[in-house]
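Visitor:
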Amino acid sequence: MDLQKLKIFVDLSKTLNYTDTAENLFTTQGNISKQVMALEKELGVSLFKRAHRKIEMTQQGEIVLPYAKKILLDYNELSNKLNDFQAAKNLTIEMHTIPTMPSYQSFTLITQFLQKHPEVHMQLREEESYNLFTSLKSGKCEIIFARTFDFDDSDLERIITEEDKFVAVLPKKHPLAKSEKLTISQLKNDPFLILGKSTNLYDPVIKLCRQAHFTPRIAYEGTRVDLIMQMVQNNMGISIMMQKTAQNFDSEEFSIVPLTTNIANELCFIRVKGEHSSANNLFWKYIQTNLKVLQAK
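Numbering (the UniProt record's numbering) for the sequence shown: 1 to 297.
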């Protein structure tokens, strides 16, 4: 059913005058008459009695009127709800991120952005690296904060915020704990406590070991950095960890030693190329503008 016909009918029920209704709805008297007749044909009833220049509503018209008003009211409420939803959506950013995000300056950028733009709501959700790109491309989120090793995807755009590198995390009493630097091959006889495949850090660690011509003896693999650090403190093995993540733990029970050989990796905000919400674009522009300022400090 055409809502415009109902609007004309409801207005005409008030004015009982084609000319007045035409003026109210910014149309012609002929169009009003045509739309009313079309509605009557659609409903199979006569809505108005016509006598010369005067009209009055029929009994069928009286029956139809409250339903027509309710339909128009419900439609207006629906439109308002959808508009409110869209407005809120345009001011909401759904971001998925690696669990160790607080270790990086990107977390500071997000905090500063939200302080400057309190009208924007950000929904942050931790997710293992293995799933981040799938979530982004399937539309489950608008932006991801992820670690990339070999980034090559023409459908995505990114802002590189910083770099990180692997370090060896050793128990304090380990023979190599006081080394200024070490090769990963010097650890080949130690049990390895490393992050698992879902974190996107398993394969690079294995690659580093294989480049040094050995296969590590893995005593534990998982997703909890804090647990691995605790296991290192308890002298249960060594770990190859991201430097900025390891430095986030303040302990006298382990040592962080740089590696002579590394694999470059970058921390990035990433989104799909194309149209985005106003909040998304506002955040993206803020990061691009303020990243250099933060790095200069």
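Quick reminder that beta carbons are idealized off the backbone N, C-alpha and C, glycines included.
Treat the numbers as computed from the prediction; the structure is a model and nothing was measured.
Are the region 209-226 and the region 173-185 touching by the rule of at least three beta carbon pairs closer than 8 Å?
Guide: Verdict: yes, contact present.
Visitor: I'd like the ranges of any alpha helix (DSSP H) spanning at least 4 consecutive residues and lying wholly in the UniProt domain "HTH lysR-type" (1-58).
Guide: 3-15, 18-24 and 29-43
Visitor: For PRO204, report the span of its alpha helix (DSSP H) as first-last.
Guide: 202-211
Visitor: Are the beta-carbon atoms belonging to GLU162 and GLN105 less than 9 Å from one another?
Guide: yes
Visitor: Leaving out five residues on either side along the sequence, give the residues of the same chain with a beta carbon under 6 Å from the beta carbon of TYR286.
Guide: PHE113
Visitor: Does the Cβ-Cβ distance between VAL120 and ILE93 come in under 9 Å?
Guide: yes
Visitor: Starting from GLN247, follow the beta strand (DSSP E) in both directions and report where the run begins and ends.
Guide: It is not in any beta strand (DSSP E) - GLN247 carries neither H nor E in the DSSP assignment.
Visitor: What is the rounded straight-line gap between the Cα of ASN189 and the Cα of LYS273?
Guide: 46 Å
Visitor: Touch check for the region 3-13 and the region 21-37: three-plus C-beta pairs under 8 Å?
Guide: yes
Visitor: Which of helix, strand or coil does DSSP assign to ILE238?
Guide: strand
Visitor: Could you tell me which of SER33, LEU39 and ASN76 sits nearest to ILE55, measuring between CA atoms?
Guide: SER33
Visitor: Kindly indicate which three-state DSSP category LEU193 falls into: helix, strand or coil?
Guide: Note: LEU193 maps to strand in three-state DSSP.
Visitor: With a 10 Å radius around its C-beta and 16 neighbouring C-beta atoms as the bar for buried, classify ILE228 as buried or exposed.
Guide: buried
Visitor: My assumption, with CB atoms under 8 Å, is that SER255 sits in contact with ALA146. Please give the rounded CB distance.
Guide: Not a contact, Cβ separation roughly 29 Å.
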